[in-house]
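Protein chains in written order, with this note's numbering: chain A, 131 to 750; chain E, 1068 to 1250; chain G, 9 to 253.
Below is one structure, written out as structure tokens, with a few remarks after it.
Right under this line is the structure:
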């Protein structure tokens, strides 16, 4: 089953391996570099990498097979991924993909015979406010037009290296349209960390006891500032910005209080939820604030190791992020002796390789450890046994940024914004049918209508909140507010104008979940495939009431029995659509009680061709 | 169907099957006599009636769908029968004939008619009398709506007996686990 | 022995448990069967097939990994959960190529036995008819991926019991499949052997010893003789008695 390989250039693999310890945790990082160097991971590379790390070839093959951006087939000199979010489709991405394939003379998903180029779809690349978007050899091309595609194809024909392509193709804008208290001012590197360490505080929060804050395992005694900062985090009532909304202070304190010689601070920048791009903007323009939040977390919980887990779609940020980390080390904001206090903490960057599931924290941790990104068993929680089975805080990029500002300005200041149960401000990623897509910072409690007004999308018929795993909101609900007590959100707001067929979104996202299901559990692995098939059937006008019943039953099954949040929330958009946009379904439904899912006449085509027949009996 | 005076009409046929299910139906032995008090067979290989009547109560179909003719017969049964029953593993899942789904039709036909041992004058038959093969063998429920399935290869005589007597008596036939077998 | 003071409610019964025991283990020890396929109580649980899902204080959990807690209310044998288990089992049938009449595991197969016991007459859903590779290269062992339900038992057992790491998963989602650790990817070039627990504990006919097709005649096989639930509970209780006296 392993295909024979002509001897590829294997020297780059040996060179790559020289830069890595013999640590199986480095497997994914090594494979990413191999993929970038060779544009595939040939069997010879699998063998070399397996030998270097002391893992089996099967394990390496398993990792290659899991991540979308790793391939066991050669993808060509130029590898083009067309971003496939519904917002890209609304801007014509499907037509652009077809255009690319026909002009380049290559079927979708295959490599051209001369090895020059391949074209693929990929899940949302996080450029929804400046789409449609491509990734060409890992770099994002934004604001794609037919003219831009023509130029790109000329460059490919001329074999111009991507590095020499016009810079404006790769321009990525922040589109930060509205800032509030967190992102209004310029963040000075170190200011929040200094504030945290100097915080003297008071003893009004009796729940945190100083005498308990010596770590029996490592013997490290926590400085008062760490305790006081944790109190401020409690006062702030900051809840996780990744969507689940768990209280950050509880997570941090739990992590701190579990005896262990080491702990980990992980920043989740996987940002795979289609329509979400705030983490990209934060890491582009507020990286110091994010890293400082992580460092403060390390200080509070007693960790020396921070990991930024970032999706490969944001590879274009690599140099800038590494430069920020280096600057922070030079400024004693990271390293062995931070700000001269003896506190030791550093941050490394760990890249993903195309897997939505890795935004799920236990799958992310598996990926950090170099394995297939499959969620772990429910217990123990990562805060008890996460990276390397050590207590681990996993928080979203925006959570760390907010934590930095809380350390600087205090919990009461933060809690003074937003609503009673949803304190502070939140970043919203607005895309779709509106005049001003981009990033908006609002205090919690802002209504859908206010956001739509500001972005110029008031004529919307619907808003998809929190991506496909979230909620579909229709006009009568626009007065609802974004807050944990009403519309809980990761911040994604995709706007659908009055002329959109909402069934198109359903079709896009059922296939998205089918593509992104990790395959671990039965209901999600099979359910996402069945749902995609049933939705396609309805799309082709072959849907019957029986099919709708199946869609409902499978959705309920997934919600109840799926192993992790991906499978549990994957049918949300479908169930919303069936209730709120039933008309878009009904107009596609057939009248009869049943139709086959496949085309019977087409299934005779091969026989017709083999027998040369085309008489009436040769058709159905 | 609870009306005991009027006999229930039953049609049966075998599509891509081996007639094993029909043999198993006959295996209800002396109960056949009791059954014939209750039912009248319409189209069936048992009585050699070739055409199905326009209105039949129960259709029992053995075998999966492998060619165009199977599709026509299946559609006729669906149109004529109030209750359509998939009988046996081939009807329910495609069964053994569906093992060819691993191969392309070209591979199958070449193996049989071109590369086969002792084949002379090798060619893929194209006589219009022969129904064209579907690219894949399909279970019945992929092609029409199926009301009930009798599992088994074949379903045991007891399965037939229980199913038919329940149905005729107006009960919803639900097989107990002890009668559910796939082999 | 279980601490008689610690119990939880499972359907209409009080079930005792030991500290750290899962709901699944406590139930099985008490003679209450919970359907399961990816779990074999002799090995570490995996919670991937989801058949053992129960409702604990109103929320669903996989009982094979969910710790028992005193006083909790657990529902398992409800019409809703039985329906869901039927759907999950049907899903496992349609995603692979499960041809019981042509499978020599028939009668010993836990997927089949589970379906019998849940009263499943048909597959209901569209069958996928996937193209999966069969590896018959090894003289004593066959790997028929058509029959694989991706329970991962072979992967886990080969790693933790056989200490060989012969098997791994590759692909993702519906394309997930078993890979073999050898240069060719074939069993014959791997370190697998006929006495590997990973091979002997496949719950379905995906990994089987060759030349054992008719070791026991049809009709006399494991689940011809006993229901899966009875057999499974009896085995579990015997193992428990050995371990804990």
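Ideal Cβ placement from N, Cα and C applies to all residues, glycine included.
Just so we're clear, the structure is a prediction, and the values are computed from it rather than from any experiment.
- Spatial neighbours of residue 422 (chain A) in its own chain (CB-CB distance under 6 Å, excluding positions within 5 residues in sequence) are listed in chain order as 322, 323 and 534.
- Chain order gives the chain G residues near residue 1169 (chain E) as 139, where near means a beta carbon separation below 7 Å.
- Straight-line spacing of the CA atoms in residue 184 (chain G) and residue 657 (chain A) works out to 14 Å.
- Not a single CB atom of chain G sits nearer than 7 Å to the CB of residue 1125 (chain E).
- Between the alpha carbons of residue 238 (chain A) and residue 104 (chain G) lies a gap of roughly 26 Å.
- For a cut-off of 8 Å, the C-beta gap from residue 13 (chain G) to residue 25 (chain G) is around 10 Å, too long to register as a contact.
- Annotation: the continuous alpha helix (DSSP H) that includes residue 1100 (chain E) extends over 1098-1105.
- Those residues of the segment 1179-1210 of chain E placed with their C-beta closer than 8 Å to a C-beta in chain G are 1203, 1206, 1208 and 1209, ordered along the chain.
- Under the three-pair Cβ rule at 8 Å, the segment 1211-1222 of chain E counts as touching the segment 1141-1159 of chain E.
- With contacts defined as CB atoms closer than 7 Å, residue 1075 (chain E) and residue 1235 (chain E) qualify as a contacting pair.
- In the DSSP annotation of this structure, the continuous segment of the alpha helix (DSSP H) that includes residue 387 (chain A) starts and ends at 378-387.
- Secondary structure at residue 227 (chain G): coil, using DSSP grouped into helix, strand and coil.
- Ranked by Cα distance from residue 1162 (chain E), the first of E:1088, E:1172 and E:1138 is E:1088.
- Beta-carbon to beta-carbon, residue 163 (chain A) and residue 371 (chain A) are separated by about 31 Å, too far to satisfy the 8 Å threshold.
- From the listed residues A:306, A:363 and A:447, the smallest Cα separation to residue 557 (chain A) is found for A:306.
- Scanning its chain for C-beta atoms nearer than 7 Å, with the 5 sequence neighbours on each side dropped, one finds around residue 542 (chain A) the residues 365, in chain order.
- Taking a contact to require three or more Cβ pairs closer than 8 Å, the segment 1202-1211 of chain E and the segment 1229-1245 of chain E do not qualify as touching.
- For the segment 717-736 of chain A, the beta-carbon criterion of a distance under 8 Å to any beta-carbon of chain E is satisfied by 723, 724, 726, 727, 728, 730, 733, 734, 735 and 736.
- Taken in chain order, the complete beta strand (DSSP E) segments of 3 residues or longer contained in the segment 621-704 of chain A are 622-626.
- Taking a contact as a CB-CB distance under 8 Å, the pair residue 264 (chain A) and residue 483 (chain A) does not count as one, their CB atoms being some 18 Å apart.
- Collapsing the DSSP output to three states places residue 1149 (chain E) in a strand.
- Rounded to whole angstroms, residue 1141 (chain E) and residue 1095 (chain E) show a C-alpha spacing of 25 Å.
- With contact defined as three or more Cβ pairs closer than 8 Å, the segment 640-648 of chain A and the segment 50-66 of chain G are not in contact.
- The C-alpha of residue 718 (chain A) is placed about 5 Å away from the C-alpha of residue 671 (chain A).
- By the Cβ rule, the segment 490-501 of chain A counts as touching the segment 153-169 of chain A, because three or more pairs are nearer than 8 Å.
- Beta-bridge partners of residue 561 (chain A) (DSSP): A:624.
- Exclusion of the five residues before and after residue 140 (chain A) leaves 174 as the residues of its chain whose Cβ lies within less than 6 Å of its Cβ.
- Taking the C-beta atoms as reference points, residue 150 (chain G) is found nearer than 7 Å to residue 216 (chain G).
- Boundaries cannot be given for residue 1084 (chain E), as no beta strand (DSSP E) includes it and DSSP labels it neither H nor E.
- Judged by their CB atoms, residue 1113 (chain E) and residue 1158 (chain E) are not nearer to each other than the 7 Å cut-off.
- Comparing C-alpha distances from residue 155 (chain G) to each of G:130, G:118 and G:84 shows the shortest one belongs to G:118.
- One Cα belongs to residue 486 (chain A), the other to residue 36 (chain G), and the distance between them is close to 37 Å.
- Using a CB distance cut-off of 7 Å, residue 176 (chain A) does not count as an interface residue toward chain G.
- Fully contained in the segment 1132-1180 of chain E are the following beta strand (DSSP E) runs of length 3 or more, in chain order: 1132-1134 and 1148-1154.
- Under the three-state reduction of DSSP, residue 247 (chain A) is assigned to strand.
- Here residue 704 (chain A) has 636, 640, 661, 681 and 685 as same chain residues with Cβ atoms under 7 Å from its own Cβ, once five neighbours each way along the sequence are excluded.
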